[in-house]
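Have a look at the structure below before the remarks.
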Amino acid sequence: LNYRKAHFVTSAPTLKQCPPDNALEVAFAGRSNAGKSSALNALTGSSKLARTSKTPGRTQLINFFEIEENRYLVDLPGYGYAKVPEAMKIKWQKHLDDYLTNRESLAGVVLLVDIRHPMKEFDRMILQWSIESHMPLHILLTKADKLKSGVGKQALNKLKNEVKEHDQVTVQLFSSLKKTGVTELAHHLDTWLGV
Ligand code: GTP
Ligand code: MG
């Protein structure tokens, strides 16, 4: 697919308000500040398609971007942001769970984890859920530019080794800043979005 054709469609606060559930889409999930919105921008070659921020918790809605007819990328709100009030966290967790469990259009999930702090509790929950529900999962070790390349490769191999029995779970290095891994990500999404 030509990810450069991506354009914003809508922001949904809950699953109910999402576009009709009869397309194919890939959701970008991960802890707050992991770099989900930045990765979407790197992939689509647009610096302001998805709003990014130094302040964690920037993305608070389920944002839909259309690539072509019936093919979407979805920017999810980040989880695990400490400064969000507890009640709001619980509410968000519920909407996120609802979307992940009930969205028929979901073809796969891209899980972004900061390469310097890989696989925290919520990341592991998503991994476990993907294994149990047979949902394809592609993990991006993001901000790879923050580590020396040898150290980054070690982190990659360690995680690859951890998920090696699970065929539907894949891992790659990624940097929105340096555009590392953008082509690899695009190829992967192509396989899920049916082209
Ligand atoms: P929420 O919307 O809060 O869940 O965050 P997010 O996961 O969408 O993160 P976002 O893309 O807004 O990026 C968070 C911060 O990390 C911003 O300051 C980005 O500039 C920075 N960042 C994102 N990707 C990279 C990267 O590959 N390398 C470096 N060095 N910084 C990055
Ligand atoms: Mg975001």
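Residues 12 to 206 in UniProt numbering are what the sequence shown lists, from first letter to last. Glycine included, every Cβ here is placed at the ideal spot set by N, Cα and C.
Check your understanding: With 16 other CB atoms within 10 Å as the buried threshold, where does Asn44 fall?
Key -> If you number the sequence shown from 1, residue 44 lands on position 33. Residue burial annotation: Asn44 is buried, with at least 16 other C-beta atoms found within 10 angstroms of its C-beta.
Review point. Just to confirm, does Asn74 get its C-beta within under 6 Å of one of the non-hydrogen atoms of the ligand GTP?
Key: By 1-based counting over the sequence shown, the position of residue 74 is 63. No, Cβ of Asn74 sits at least 6 Å from all heavy atoms of the ligand GTP.
Check your understanding: CA-CA distance, Leu152 and Gly46?
Key -> Residue 152 sits at position 141 when you count from the first residue of the sequence shown. Residue 46 sits at position 35 when you count from the first residue of the sequence shown. So the alpha carbons of these two residues sit roughly 10 Å apart.
Check your understanding: Near Asp156, what residues of its chain come up, given a Cβ to Cβ distance below 8 Å and the 5 sequence neighbours on each side ignored?
Key -> Within the sequence shown, numbered from 1, the residue matching residue 156 stands at position 145. So the qualifying residues of the chain are Ser186, Leu188, Lys189, Thr191.
Exercise for review: Return helix, strand or coil for Leu12, following the three-state DSSP convention.
Suggested key: Taking the first residue of the sequence shown as 1, we reach residue 12 at position 1. Leu12: coil per DSSP, three-state reduction.
Point to revise | Beta-bridge partners of Ile150, as assigned by DSSP | key: For this step, residue 150 is matched to residue 139 along the sequence shown. Bridge partners of Ile150: Leu122, Val182.
Practice item. Would you grab the beta carbon distance between Gln183 and Glu173 for me? Rounded to a whole angstrom, and I think it's under 8 Å. Key: Within the sequence shown, numbered from 1, the residue matching residue 183 stands at position 172. Within the sequence shown, numbered from 1, the residue matching residue 173 stands at position 162. That pair is no contact at about 14 Å.
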